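Sequences listed follow chains A and B, in order. If you count the first sequence from 1, position 219 lands on 218 in numbering that gives the first Met the number 0, and the numbers rise without skipping. If you count the second sequence from 1, position 159 lands on 158 in numbering that gives the first Met the number 0, and the numbers rise without skipping.
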Amino acid sequence: MQWLGKWIEFVGKMGLFGLQVLVDSLRPPFEFVQLSRQLAEVGNRSLALIVVSGFALGAVMTLHTRSTLVTFGATAMIPAVQAVSFFVEIGPLVAGLLLAGRVGSGIGAVLANMRASEQIDAIESLSIDSFKFLVVPRVLACVIALPFLTLFMDFAGLLGGLLSEVLSSHIAPALYLSRAFDYLQWSNFIAPTLKTTVFGFIIGSVSAYFGYTTDKGAQGVGEAATNSVVVSSLLIIVADVLLIKCIFFLFPDTAL
Amino acid sequence: MNAAPSIAVEFRQVTKSFGTKRVLNDVSFRIEQGQALCVLGRSGTGKSVTLKLIMALMRPDSGEVNVDQDNVVGMKENQLSLVRKKLGYLFQDAALFDSLTLYENLALPLSRLTKKSRDEIDDVTRRVLTDVGLGADGAKYPSALSGGMKKRAGLARALVLEPKILLADEPSSGLDRITAAEIDELLMRRKSEHGTALIIVTHDVHGARKIADRVAVLDKGNLVAFGSVAEVSQSDNDVARRLITE
């Protein structure tokens, strides 16, 4: 039962950490310079990964969908299936998981290294609130950047599917796009994209928690990076289930 | 009639433990403004903890830590901010911010803790960098600096706010004798030209004998000797005597 106690303590500490992020993000002074630096790190430097992955995933998905729908003579539905699946689920989830891998590990490792090399103590010794200076901008950058990255993922996936279909069935690109957007409603698009702000919060706060609170020196750097990716990926998937239920409740049309 | 010299740092019956391990046990000492104190002791005897207690990066379990007459124990962050402006801290591995250039490392405390204009910050930063012999290296990132340059850069950052008290955690560790002597020179110059109080944690007895007005020897969390180099050399405590004479 000792593990249960430790697990509850861990969940409690991480919950308090996340709460402190929320409180400190609303309390001045605001670290706009740090936020812009982190947005560049989280957003700009993740863009290529997101776009290439989305494009490839879109092309692969279309190939699989085609082989199934051909059996039912429903190949005309491929663009709609592609668009709805990407905008509603695949885009937000995959973008979140990719960001957890690329950025989450980075945040965990950087903060753990700063802790081990006394850089966080140095910040505190200058009377700078290290939590507001280091943690809050990183979490906010994830919250702000992920919805935009998700949009890039969605459209890259659509383009990948379009290219795949043009090469396979020689469909006119305009017809493909028209069919793709015929079945897509605003509620299919806005709510799933906005739910990625929660994924961003999870990635930022979980990764920052492991990095900022480590006390194991150099060994803690590797552990923080690994734990950041594993725990934030797991929490994203769990949160996705809960958020989908919320979206179905708030936008019943999307459940049909 | 001369005024009595003011107290720079004073420990009163300070105790600090980590879990079941007591690293400082009822430690009391004080140094005055303009004096240099070297803290000696074997590894793990609470020397670095002493510095962190002065900077209020840690809180003692009991006792008082007075910095320039103010007890920092239990102070709130806004009060601590005023006290920390009087302190400079050279960390063991310099602890320069990796993501900032050397220039930005020095400009950061000035922009955050003073009301200086951008031009004034530029002037001070360049002057302090030049003082430590890094005038041409401001655009470099810490990863591009040698060990000795990092130490000098860390010292420059510690001095950029013109502190009344400078804390240095093993300023000569990992450096060759010549570079270590250069760092010692910079510290002594700071003391003689600006009257800065120095508290230096070190294993370098050679440097300590050169710099120190007072020597404190910690052993197993206890302050086993305190006094001038000559006094500690004559100490009854075997560890203290061996540390200062070997």
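Every residue, glycine too, gets a C-beta built ideally from N, C-alpha and C. Remember, predicted model here, so these are calculated numbers, not experimental data.
Contact with chain B by residue i, beta-carbon distance below 7 Å
| i | result |
| --- | --- |
| residue 116 of chain A | yes |
| residue 8 of chain A | no |
| residue 25 of chain A | no |
| residue 39 of chain A | no |
| residue 123 of chain A | yes |
| residue 120 of chain A | yes |
| residue 45 of chain A | no |
| residue 127 of chain A | yes |
Secondary structure of residue i, DSSP reduced to three states
| i | result |
| --- | --- |
| residue 118 of chain B | helix |
| residue 127 of chain A | coil |
| residue 207 of chain A | helix |
| residue 1 of chain A | helix |
| residue 182 of chain A | coil |
| residue 9 of chain B | strand |
| residue 44 of chain B | coil |
| residue 225 of chain B | strand |
| residue 102 of chain B | helix |
| residue 14 of chain A | helix |
| residue 174 of chain B | coil |
| residue 87 of chain B | strand |
| residue 61 of chain B | strand |
| residue 156 of chain B | helix |
| residue 66 of chain B | strand |
| residue 137 of chain B | coil |
| residue 33 of chain A | helix |
| residue 76 of chain A | helix |
| residue 163 of chain B | coil |
| residue 160 of chain A | helix |
| residue 170 of chain A | coil |
| residue 184 of chain B | helix |
| residue 239 of chain A | helix |
Residue closest to residue i, alpha-carbon to alpha-carbon, out of the options
| i | options | result |
| --- | --- | --- |
| residue 176 of chain A | A:82, A:90, A:195 | A:82 |
| residue 55 of chain B | B:39, B:209, B:84 | B:84 |
| residue 50 of chain B | B:8, B:98, B:140, B:181 | B:8 |
| residue 226 of chain B | B:16, B:28, B:15 | B:28 |
| residue 166 of chain A | A:39, A:42, A:21, A:65 | A:65 |
| residue 182 of chain A | A:39, A:38, A:78, A:151 | A:78 |
| residue 51 of chain A | A:230, A:97, A:76 | A:97 |
| residue 116 of chain A | B:91, B:120, B:174 | B:91 |
| residue 34 of chain B | B:42, B:202, B:174, B:195 | B:195 |
| residue 43 of chain B | B:18, B:219, B:236, B:202 | B:219 |
| residue 150 of chain B | B:82, B:76, B:15, B:101 | B:101 |
| residue 238 of chain A | A:191, A:137, A:76 | A:191 |
| residue 127 of chain B | B:174, B:140, B:160 | B:160 |
| residue 154 of chain B | B:94, B:176, B:70 | B:94 |
| residue 192 of chain B | B:162, B:16, B:208, B:201 | B:162 |
| residue 150 of chain A | A:13, A:69, A:36, A:188 | A:188 |
| residue 251 of chain A | A:186, A:218, A:219 | A:186 |
CB contact check: residue i to chain A, cutoff 7 Å
| i | result |
| --- | --- |
| residue 176 of chain B | no |
| residue 186 of chain B | no |
| residue 17 of chain B | no |
| residue 80 of chain B | yes |
| residue 88 of chain B | yes |
| residue 122 of chain B | no |
| residue 74 of chain B | no |
| residue 148 of chain B | no |
| residue 57 of chain B | no |
| residue 170 of chain B | no |
| residue 67 of chain B | no |
| residue 237 of chain B | no |
| residue 83 of chain B | yes |
| residue 108 of chain B | yes |
| residue 151 of chain B | no |
| residue 29 of chain B | no |
| residue 111 of chain B | yes |
| residue 130 of chain B | no |
| residue 92 of chain B | yes |
CB contact check: residue i to chain E, cutoff 7 Å
| i | result |
| --- | --- |
| residue 96 of chain B | Structure shown: chain E not included; protein chains present are A and B. |
Per DSSP, cross-strand counterpart(s) of residue i
| i | result |
| --- | --- |
| residue 37 of chain B | B:199, B:214 |
| residue 31 of chain B | B:6 |
| residue 168 of chain B | B:200 |
| residue 14 of chain B | B:61 |
| residue 23 of chain B | B:15 |
Supposed contact pair residue j and residue i - C-beta distance, whole angstroms, cut 8 Å
| i | j | result |
| --- | --- | --- |
| residue 207 of chain A | residue 134 of chain A | 5 Å |
| residue 213 of chain B | residue 52 of chain B | Wrong, their Cβ atoms sit about 18 Å apart, outside the cutoff. |
| residue 20 of chain A | residue 204 of chain A | 5 Å |
| residue 74 of chain A | residue 168 of chain A | 7 Å |
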